[in-house]
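423 is the number that the numbering used here gives the last residue of the sequence shown; the numbers go up by one with no jumps. For each residue, glycine too, the CB sits at the ideal point set by N, CA and C. Keep in mind it's a predicted model, so treat the numbers as computed, not measured. Following: one structure in structure tokens, then a few remarks.
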Amino acid sequence: MRFIRQGERSPAVQDLQARLERLGMDVVPQELGGDFGPTTEMAVRAFQQSRGLDVDGIVGDDTWRVLVESSWGLGDRILRLEEPNLRGDDVRDLQSRLNALGFAAGKHDGIYGRGTAAALRDFQRNLGISDDGLVGLETLKAFQRLRLVTRTGLGPRTREREARRASPPGVAGKRLVLDPGHGGEDLGTRGPSGESEADLVFPLATQLAKRLEAEGAEVTLTRGPHDGPTDSERARRANEAVADLLISLHLNAHPNETAQGVATYYWEHGGIASEPGEHLADLLQDHLVRCGLVNCRSHGKAYPILRETRMPAVVVEPGFITNPDEAKMLSAPGSAEPVIRAMVRAVRAYFRVADLADR
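Below, the structure written as structure tokens:
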């Protein structure tokens, strides 16, 4: 879709305002006829903040998609396993209820996939109702009869923790997916010398892959040097690889060229986070800061690549492409070696390997 931003007046803005109002976001009456003014932008920013999206006050593809998904409440429609998967707050509510009852629906990502469908059928069988995998009137009544008190997020966090503990230590034999951001026609942000984000992160990913393969890992990249799959395609490739973790490499950007530092991101939505993802993000952040980068900290986000993957996943931004010094550090031959070494050490620590001297 095209971007919707402040200054526009159109039926699309009026639709946007109606959706924001239904979610409790205030817009002054003077703007409600479809005028994208300051309070509409403030409402968009508040919505983006609440949903773990980038906060820019502009309605692009990701913001619009999440806004539409947020309009669904449990019971508004029949939920079933479909291709493409149904998405929405109603699915997230269902996952929360199932997990709280001990039925493993996975993380509360709002995507009705095979794991959620299997958990629902298990729930239905336990209650003696038709195990058709449909959330219709009979299943909704079953939930109501239980008078459920949801302990939000406890189920998936506990299962994630136990799965990691059960995994044997060591990088050798692990399946790792590296995701060089952007690619193809999407070059990302350009640096002061004209270098593109897509062109800088790809060699970072290939260098990191070689180092991890030397540790005995099986490493897959989500794209080649010239193609640019969507985030959903990248997530699907990682899921099909049955990976143990995913690291997505991007670069930060800011109008002020002095902005600098490293930031990492893990999946979080509505106060529910991926515990191993957060742990991996913290390890990467810590090791990258040790090599001299400014600490811009770890953050919970609901980016599609974090939401749609079925393994611990993080986004790493090891510098600002708009900062001349950091862009040079990341592009000059051999100068990014400290960054590569720091990420290898973080992956070792994640898989509980003693930090031995680099090989």
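| Item | Value |
| --- | --- |
| Taking just the CA atoms, how far does S260 sit from R189? | 53 angstroms |
| Given a threshold of 16 other Cβ atoms within 10 Å of its Cβ, counted over all protein chains shown, does D125 qualify as buried or as exposed? | exposed |
| Just to confirm the assignment, what range does the alpha helix (DSSP H) spanning S395 have? | P388 to S395 |
| Here's a check: name, in chain order, each residue in its chain whose Cβ is nearer than 8 angstroms to the Cβ of T253, leaving out the five neighbours to either side. | S260, E261, L315, A317, I385 and T386 |
| Since L210 contacts V199 with CB under 8 angstroms, what's their CB separation in whole angstroms? | Not quite, the Cβ-Cβ distance comes to about 14 angstroms (not below 8 angstroms), so this is no contact. |
| Buried or exposed: where does L201 fall if 16 or more other Cβ atoms within 10 Å of its Cβ makes it buried? | exposed |
| Please return the same chain residues whose Cβ sits closer than 8 angstroms to the Cβ of L158, not counting the five positions on each side in sequence. | L138, L143, A169, Y176, T180, L184 and V199 |
| Between which residues of its own chain and G152 is the CB-CB distance below 7 angstroms, once the five residues before and five after are set aside? | E133, W136 and G174 |
| Considering S114, what are the terminal residues of the alpha helix (DSSP H) in which it resides? | P102 to S114 |
| By the 10 Å Cβ neighbour count, where 16 or more other Cβ atoms means buried, how is G383 classified, buried or exposed? | buried |
| DSSP three-state call for S338: helix, strand or coil? | coil |
| Please classify T127 as buried or exposed, where buried requires at least 16 neighbouring CB atoms within 10 angstroms. | buried |
| Starting from N316, follow its DSSP beta bridges and name the residues at the other end. | F384 |
| Are F111 and R161 close, meaning C-beta to C-beta below 8 angstroms? | no |
| Tell me where the alpha helix (DSSP H) around K365 begins and ends. | Looking at the DSSP string, K365 is not in any alpha helix (DSSP H); the run it does join, the beta strand (DSSP E), is N359 to K365. |
| Could you tell me the alpha carbon to alpha carbon distance between H343 and A410, rounded to whole angstroms? | 10 angstroms |
| Given a threshold of 16 other Cβ atoms within 10 Å of its Cβ, counted over all protein chains shown, does D90 qualify as buried or as exposed? | exposed |
| Please determine if the segment 354 to 364 and the segment 319 to 337 are in contact, where contact requires at least 3 C-beta pairs separated by less than 8 angstroms. | yes |
| Touch check for the segment 269 to 281 and the segment 230 to 238: three-plus C-beta pairs under 8 angstroms? | yes |
| Whole angstroms is fine: what's the gap from G217's alpha carbon to R156's? | Only weak support is given to the placement of G217: the predicted model assigns it a pLDDT of 44, under 50, and the question is left unresolved by the model. |
| With the cut-off set at 8 angstroms, would you say E95 and Q81 are in Cβ contact? | yes |
| Starting from the C-beta of Y367, find all residues in its chain whose C-beta is less than 7 angstroms away, skip the five residues before and the five after it, and write them out in chain order. | Y329 and V379 |
| Measure how close the beta-carbons of A400 and M393 come, nearest whole angstrom, since I'm counting them as under 8 angstroms. | 7 angstroms |
| Under 8 angstroms, do A345 and V241 count as touching if we go by C-beta distance? | no |
| So, for G325: in the same chain, excluding its five sequence neighbours on each side, which residues have a beta-carbon less than 8 angstroms away from its beta-carbon? | N316, L357, V358, N359, C360, G383 and F384 |
| From the DSSP output, in three-state form, read off I142 for me. | coil |
| In the DSSP assignment, the beta strand (DSSP E) including E332 goes from what residue to what residue? | V326 to H333 |
| Considering only C-alpha positions, which residue in the set D291, T286 and D243 is nearest to E249? | D291 |
| Using the Cβ count rule (16 or more neighbours within 10 Å means buried), how would you classify K171? | buried |
| I need the straight-line Cα distance from I193 to K205, nearest angstrom please. | 11 angstroms |
| Between which residues of its own chain and R109 is the CB-CB distance below 7 angstroms, once the five residues before and five after are set aside? | V119 and G121 |
| Looking at Q78: is its Cβ nearer than 8 angstroms to the Cβ of G97? | yes |
| Quick one, are the C-beta atoms of D263 and I369 less than 8 angstroms apart? | no |
| With a threshold of 8 angstroms between beta carbons, is H314 in contact with chain D? | In summary, chain D is missing from the structure at hand, where a single protein chain is found. |
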